[in-house]
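Reading through the structure tokens given below for one structure.
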Amino acid sequence: MNPTFKKYLTIFALALSGGSIYTLPYIKYVFYDTQLEVMGITNTQSGFLISMYAIGCILSYIPGGIITDKISPRKALSFSLFGTAVLGMIYAFSFNYIVSLVVWLLFALTTAFVFWTSLLKAIGMAGDSEEQGRLYGIYYAGNGITGAIVNSLALKAFSMGSSPRESLFLAVTVMCVGITIAGILVYFLLDDQKGEKIADEDKFKFDAVGRLLKSPMLWCFSLVVFSGYAIFSSTSYFTPYLTNVVGLSVEESGVYAIIRSYFFYLLAPIGGYLADRVLRSTSKLFLILFAILAGTICGAMFLPASMGITAISVYTLLPGAFGLMLYGLVFSVVRELGIPLKVAGTAIGVASIIGYMPDFFFSALFGSWLDAYGNNGYNFIFTFLTSVAVVGFICSLIIYLSWNKKRAL
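Under my numbering, think of the first position of the sequence shown as 20, with each following residue one higher.
This is the structure in structure tokens:
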């Protein structure tokens, strides 16, 4: 097989893996009411399923990263994908709440434990250091597209059911089929070690973890992930902002939400091209993007009413566009940290724990501001996110200066 064709086919397989595997643990986002009806559970019980999953994910990132550095991404990803499909079918044949609690906890083992770090490591291994940004960008664009396709097919299957239970069963089955196809592609396309023999000095050793945890670059990397993900995930607050403050209808605001949530995935490859071919540095691109994000988010607090509703609405798309461009590349900067590949999985595991912390407290924090201050709460949110962008800028600057210094030697 042509090496270039295989490289991009591999990225497609990885994109399908990432785009399909999370449809199951987050199935409520598409089939919320039907899931409650079929399982006979309350909103609180539904939320507890996600809580079980989140707890399992946080506990598994670091040990999963360590194990990822000791086994091949091909084996780890295949096992995770096939395991997730099996768990999905167990759920589909039961729809029992107690069984589902166990399944959602096990989803953390199959979608986070070794899957997440192995996935990111496999993307990096698909090409050389000069094309990391582009490969990650293509991956995230493919991730969004394949995720939308799998969910669309699941919705189509759902519409063919004769009862809510049968409809949900068909939807889950389609998701499991998509995940299984991804597992088969990954198993046959990925090479265990890119065909290279690993030298003794490049093999994983536990004492390397101790040295890694003492590296300032690891913690800068973690804060960059935190800042990038925090802004990317929090741009969703522009949706209620448009309805409550700007005055759009729910339907009109929903159009902007769809653009922000799906269309902007296509910007990830553009960010990768800029990082690899124009700026020759991912961290340098991050400096520009974090600066733009700080300016556009802060600027949202000072938009004059004379701009008009449409102009203000379009303006709110800017943080979403630049935020997704940044988040789509956030893990590709690992090659500029000076961290050995043998502990890259561990580094990604640590960064993932810190990076995804916003899921635990941002919603509660932002919600409390909106409850306490009404529409003025958005100013607190935008000020906070501007500060987060500044933190990301500072950490990106540290990474860039360190990498540039090493490159000059």
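Backbone N, C-alpha and C define an ideal beta-carbon position, used for all residues, glycine too. Because the structure is a prediction, the values reported are computed rather than measured.
Span of the alpha helix (DSSP H) around residue i
| i | result |
| --- | --- |
| VAL352 | Element bounds for VAL352: n/a, residue is neither H nor E. |
| MET326 | Per DSSP, MET326 belongs to no alpha helix (DSSP H) and is neither H nor E. |
| ILE417 | 396 to 427 |
| ARG153 | 151 to 177 |
| LEU384 | 377 to 392 |
| ASN263 | Note, ASN263: premise wrong, no alpha helix (DSSP H); not H, not E. |
| THR335 | Segment: none, THR335 is in no alpha helix (DSSP H) and carries neither H nor E. |
| PRO183 | 183 to 208 |
| ASP52 | 47 to 58 |
| ALA287 | 287 to 292 |
CB of residue i within 8 Å of CB of residue j, strictly
| i | j | result |
| --- | --- | --- |
| ILE358 | ALA366 | yes |
| GLY38 | THR136 | no |
| GLY411 | VAL243 | yes |
| GLN151 | THR301 | yes |
| GLY364 | ASP88 | yes |
| ARG93 | GLY291 | no |
| VAL265 | ILE331 | yes |
| PHE305 | VAL352 | yes |
| VAL193 | ALA176 | yes |
| PRO288 | GLY143 | no |
| ILE90 | ILE372 | no |
| PHE240 | LEU356 | yes |
| LEU261 | TYR275 | yes |
| VAL429 | ALA111 | With the chain covering only 20 through 428, there is no way to say anything about residue 429. |
| ALA324 | ILE198 | no |
| GLY180 | SER171 | no |
| GLY75 | LEU124 | yes |
| TYR158 | ALA73 | no |
| PHE251 | LEU343 | yes |
| PHE126 | LEU43 | yes |
Burial state of residue i, where buried means 16 or more other Cβ atoms lie within 10 Å
| i | result |
| --- | --- |
| PHE321 | exposed |
| TYR48 | exposed |
| ALA383 | exposed |
| ARG354 | buried |
| LEU138 | buried |
| ILE217 | Here the model assigns ILE217 a pLDDT of 46, short of 50, so the residue's position is not dependable, and the following value carries that caveat. Under this definition ILE217 is an exposed residue. |
| THR329 | exposed |
| LYS233 | exposed |
| LYS303 | buried |
| ASP390 | exposed |
| ASP211 | exposed |
| GLY401 | Reading off the sequence, residue 401 comes out as Phe, not Gly. It counts as buried. |
| ARG279 | buried |
| LYS140 | buried |
| LEU420 | exposed |
| ILE117 | exposed |
CA nearest to the CA of residue i, picked from the options
| i | options | result |
| --- | --- | --- |
| LEU204 | MET58, ILE30, LEU384, SER268 | ILE30 |
| TYR45 | ILE85, ILE117, VAL169, GLY342 | VAL169 |
| ALA313 | LEU78, ILE109, PHE341 | PHE341 |
| SER36 | ALA131, GLN64, VAL121 | ALA131 |
| MET71 | PHE381, LEU416, ILE85, VAL121 | VAL121 |
| PHE379 | PHE245, ALA294, MET344 | PHE245 |
| LEU267 | SER252, TYR248, GLY327, ASP210 | GLY327 |
| THR129 | LEU404, LEU96, PHE257 | LEU96 |
| LEU174 | GLY163, GLY161, PHE188, ASN162 | PHE188 |
| SER335 | TRP388, ILE307, ILE277 | It should be pointed out that residue 335 corresponds to Thr in this sequence rather than to Ser. For the residues TRP388, ILE307, ILE277, the minimum Cα distance to THR335 belongs to ILE277. |
| LEU100 | LYS26, GLY318, VAL196 | VAL196 |
Reduced DSSP secondary structure (H/G/I, E/B, other) of residue i
| i | result |
| --- | --- |
| PRO359 | coil |
| PHE114 | coil |
| ARG299 | coil |
| LEU348 | coil |
| ILE142 | helix |
| MET71 | helix |
| THR23 | helix |
| SER255 | helix |
| GLY37 | helix |
| GLY342 | helix |
| GLY273 | helix |
| ALA32 | helix |
| LYS94 | helix |
| LEU237 | helix |
| PHE126 | helix |
| THR497 | Any property of residue 497 remains undetermined from this structure, which presents the chain solely from 20 to 428. |
| THR87 | helix |
| LEU43 | coil |
| THR315 | helix |
| GLY374 | helix |
| THR61 | coil |
Check: residue i C-beta below 7 Å from any heavy atom of the ligand FAD
| i | result |
| --- | --- |
| GLY396 | As presented, the structure is devoid of all ligands, the ligand FAD included, so that no description of it is given. |
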